[in-house]
Amino acid sequence: PFNFEAAKSKEKLPTLHNNPYSWSKVSNIIYLDSPTGVGLSYSKNITKYSTGDVQTASDTHAFLLKWFEEFPEFQANPFYVSGESYAGIYVPTLAFEIAKGIRSLTKPVINLKGYLVGNGVTDPKFDENAFIPFVHGMGLISDTIYE
Numbered sequence: 012p013f014n015f016e017a018a019k020s021k022e023k024l025p026t027l028h029n030n031p032y033s034w035s036k037v038s039n040i041i042y043l044d045s046p047t048g049v050g051l052s053y054s055k056n057i058t059k060y061s062t063g064d065v066q067t068a069s070d071t072h073a074f075l076l077k078w079f080e081e082f083p084e085f086q087a088n089p090f091y092v093s094g095e096s097y098a099g100i101y102v103p104t105l106a107f108e109i110a111k112g113i114r115s116l117t118k119p120v121i122n123l124k125g126y127l128v129g130n131g132v133t134d135p136k137f138d139e140n141a142f143i144p145f146v147h148g149m150g151l152i153s154d155t156i157y158e
């Protein structure tokens, strides 16, 4: 919701201004470190650190249900799940978990509209086999090394 204006000299600090065109005027975002133990997320129960993609989706769905119970004013908002990299695995897994909850009428109902994945991992067999041709095509390795 803010813009920074660069300082005019090294001795001055940048200034902060309210941005009247900020996306936060029309949308909201939840940042979640997942699975348990990643980033700033933690658990008091050490067994929660042993997880997998399906368990992570279940845990995240449980979090979202509690979040929407706590903040019901957001329940009608369109909800999108997004992520990048390994999100190619966990975003569709979470979307599937949310869809199962919707079908089983789990309350509160999450207004799932879709999901987005940027540069997503899909399957190591395919992703890894494409890596060398990709970096060659991007000019990061020479023709000699590639051949």
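Each residue of the sequence shown is one higher than the last, beginning at 12 in our numbering. In this text, a Cβ means the ideal position worked out from N, Cα and C, and glycines have one as well.
Just checking my contact of residue i with residue j at CB under 8 Å: how many whole Å lie between their CB atoms?
i	j	result
Phe142	Ile121	Incorrect: roughly 35 Å between the Cβ atoms, too far for contact.
Leu43	Thr62	At roughly 14 Å, the Cβ-Cβ gap does not stay under 8 Å, so Leu43 and Thr62 are not in contact.
Asn30	Asn56	No, Asn30 and Asn56 are not in contact; Cβ-Cβ is about 41 Å, not under 8 Å.
Pro119	Gln86	5 Å
Check whether the Cβ atoms of residue i and residue j sit closer than 9 Å, and answer yes or no.
i	j	result
Val132	Ala98	yes
Ser96	Asn140	no
Tyr60	Gly48	yes
Ser45	Thr26	no
Ser93	Val128	yes
Glu22	Ser69	no
Quick one: what's residue i bridged to in DSSP?
i	result
Ser60	The amino acid occupying residue 60 in the given sequence is Tyr; Ser does not appear at that position. Tyr60 pairs with nothing; no bridge assigned.
Ser93	Leu127
Glu16	Thr26
With residue i as the anchor, note down where its alpha helix (DSSP H) starts and where it stops.
i	result
Asn29	Per DSSP, Asn29 belongs to no alpha helix (DSSP H); it is in the beta strand (DSSP E), Thr26 to Asn29.
Val102	Ala98 to Arg114
Thr155	Asp154 to Tyr157
Ala141	Pro135 to Gly148
Taking 8 Å as the threshold, find out whether the region 109-117 comes into contact with the region 145-153 through three or more Cβ pairs. no
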